[in-house]
Amino acid sequence: MEVFFHRGQGKRPLAVFIHGMGMNLQTWAEPTSARILGGRYLLSLLAEPGVEIATSFQDLMAGGYSLLSWSQSRPVGPIMTAVEELDQLIRKYREHTSQGIILICHSRGGLVARKYLEQTDIQVRGVITLATPHHGTSMARWAAILSPLASAISQLMEMAGKDFDSAVRRVMEFLGSTGLRELLPGSQFYLGLKDTARKDVRYVSVGGTNPDLLRAVSVSLPQLIGRLLPEAAVPEEMREGMGDGLVSAASSVLPYAVEHVNVHANHGSILFDRQVRRLVMRTVESV
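Below, the structure written as C-alpha cells:
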C-alpha cells in the first residue's frame, strides 16, 4: 500500500485525505502529475485555464499540519476494502492522532469516511466531502443506458478522432465497473449505511454544477449526451447547473452537514477550486 505521511508542527489534528474511485494519492499529494482515464490524461486538464493546480493538501502542508494519505489497493473495488485500509492506516499512525483527525474526501472517499466512522473510536474533529454521492448517482446505470446507442457513439467517435474515441471508451469501462454499482441509489451499500452525526464533529460538504468532464478533448461531454438522448432523459449529473458530470449537486449534500456549498466545477476541477480550498482551510482552522 503506497502511503504518504507528512509531519507537521505543533499540536494540531491530523488531516487524512481520501481519494475517489479510480484515483490514487497523487490526486491530493501531486495533482500536477495525477492522471485520469486509465492514465491517458492529466487530471489538471479538467481545470479552468489559468487555475493553480494545487489542492487543500498543499494548503494544509504550507499551514504546518500533519498529513496522511494512501493509494487504495482496489480503487474501483468495494468500498469496504478501502474502509479496512483506512482503519489499518489510522491504527499504524495512531501516535499522531492525539489531537484528533480531520477527514478530507473527494468523491467516493466521502462514503469511505462515513462507513469508517461507524466503527472507529478515534477522535474525529471534522469531515469534509467534495463531490461525494451521498445519495447515490444514476451514472452507475450509464453503461446499460448507452449500450443500445453503440452505433451512434461509434459514429461520433469517428467524427471526433482517436483521442476522443479512447477517452469515451475508458469512461465507459469505468461506468461499467463493479465498484460503481455500489453507488446506485438504493444499493446494498446505502441500505447498510447507518452512520449518524457525531457530537463535536464539524461536517461540511461541497458539490459541483459544471458537468463537462471531457475538457481534455475537443468535444464537450454534455453536448455528446445531448445528441444521443432526448432532453428529458439526460440525468441531473449531466445537466448544467445541476451536476458535476458524475454526481448531482443534490446528491453531494451530506445529510447532516452544518454547511454545504455548490461551486461551478466539474468532478475533477472541484479539487483545484479556490473557493473550495478556502472553505477547507477555514473549516480545518475552526475545529
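Residue numbering for the sequence shown follows the numbering used here, beginning at -19 and increasing consecutively.
A virtual CB, placed ideally from N, CA and C, is assigned to each residue, including glycine.
No experiment lies behind these values; they were computed from the predicted model shown.
Practice item. Tell me whether Ala42 is buried or exposed, calling it buried when 16 or more other Cβ atoms sit within 10 Å of its Cβ. Key: In this structure Ala42 is exposed. Its beta-carbon is surrounded by fewer than 16 other beta-carbon atoms within 10 angstroms.
Check your understanding: Taking DSSP as the reference, what is the three-state secondary structure of Ser185?
Key -> In the three-state reduction of the DSSP assignment, Ser185 falls in the strand class.
Point to revise | Assumed close pair Arg178, Leu97 - CB separation to whole angstroms, cut-off 8 Å | key: At roughly 7 Å, the Cβ-Cβ gap stays under 8 Å, so Arg178 and Leu97 are in contact.
Exercise for review: Please check if any C-beta of chain B sits within less than 7 Å of the C-beta of Leu26.
Suggested key: Considering every chain present, this structure includes no chain B. It has just one protein chain.
Point to revise | Three-state secondary structure assigned by DSSP to Gly225 | key: DSSP places Gly225 outside both helix and strand once states are collapsed to three, so it counts as coil.
Exercise for review: Return helix, strand or coil for His76, following the three-state DSSP convention.
Suggested key: Correct three-state label for His76: helix.
Check your understanding: Would a C-beta distance cut-off of 7 Å place Gly159 and Met60 closer than the cut-off?
Key -> Taking 7 Å as the cut-off, the beta carbon of Gly159 is found no closer than this to the beta carbon of Met60.
Review point. How is Thr117 classed by DSSP in three states: helix, strand or coil?
Key: Three-state result, Thr117: coil.
Check your understanding: Using the beta-carbon count (16 or more within 10 Å), is Glu65 buried or exposed?
Key -> Answer is buried; the Cβ neighbour count reaches 16.
Review point. Hey, which unbroken runs of the beta strand (DSSP E) at 3 residues or more fall wholly within the segment -2 to 82?
Key: Counting whole runs of 3 or more residues, the segment -2 to 82 contains the beta strand (DSSP E) stretches 47 to 50.
Review point. Beta carbon of Val256, beta carbon of Val184: below 7 Å?
Key: No. Outside cutoff.
Check your understanding: Just the Cα atoms here: how many angstroms apart are Asp253 and Val63?
Key -> Going from the Cα of Asp253 to the Cα of Val63 covers about 27 Å.
Point to revise | DSSP beta-bridge partners of Val107 | key: Answer is Leu83 and Tyr183.
Practice item. Can you give me the Cβ contacts of Gly89 inside the same chain, cut-off strictly under 6 Å, excluding the 5 residues immediately before and after it? Key: Setting aside the 5 residues that flank it on each side, Gly89 is surrounded in the same chain by Ile(-2), His(-1) and Gly0, each with a C-beta closer than 6 Å to its C-beta; the list follows chain order.
Check your understanding: Can you tell which of Pro191, Leu171, Val214 and Glu10 has its C-alpha closest to the C-alpha of Lys95?
Key -> Of Pro191, Leu171, Val214 and Glu10, the residue nearest in Cα terms is Leu171.
Check your understanding: Under a three-way DSSP split, which group does Val267 fall into?
Key -> Assignment of Val267 by DSSP, reduced to helix, strand and coil, places it in the coil class.
**Study point:** Val243, enclosing beta strand (DSSP E) - first and last residue
**Key:** Start and end: Glu239 to Val243.
Review point. Ser231 and His114 look like a contact to me (Cβ under 8 Å); what is the Cβ gap, rounded to whole Å?
Key: The Cβ separation is near 6 Å, so the contact holds.
Exercise for review: Would you kindly check if the distance between the Cβ of Thr189 and the Cβ of Leu237 is under 7 Å?
Suggested key: It should be pointed out that residue 237 corresponds to Ala in this sequence rather than to Leu. Pairing Ala237 with Thr189 gives a Cβ-Cβ distance that is not under 7 Å.
**Study point:** Inter-residue spacing [alpha-carbon to alpha-carbon] between Leu129 and Val92
**Key:** Unreliable placement is indicated for Leu129, whose pLDDT of 48 sits below 50; no coordinate value is reported for it.
Check your understanding: Thinking C-alpha only, which one of Val31, Leu(-6) and Val(-4) is nearest Thr12?
Key -> If we check each option's Cα against that of Thr12, Val31 comes out closest.
Review point. Between the C-alpha atoms of Trp8 and Val214, what's the straight-line distance to the nearest angstrom?
Key: In a straight line, the C-alpha of Trp8 is about 31 Å away from that of Val214.
Check your understanding: Does the Cβ of Ser53 have 16 or more other Cβ atoms within 10 Å, making it buried, or fewer, making it exposed?
Key -> It is exposed - the Cβ of Ser53 has fewer than 16 other Cβ atoms within 10 Å.
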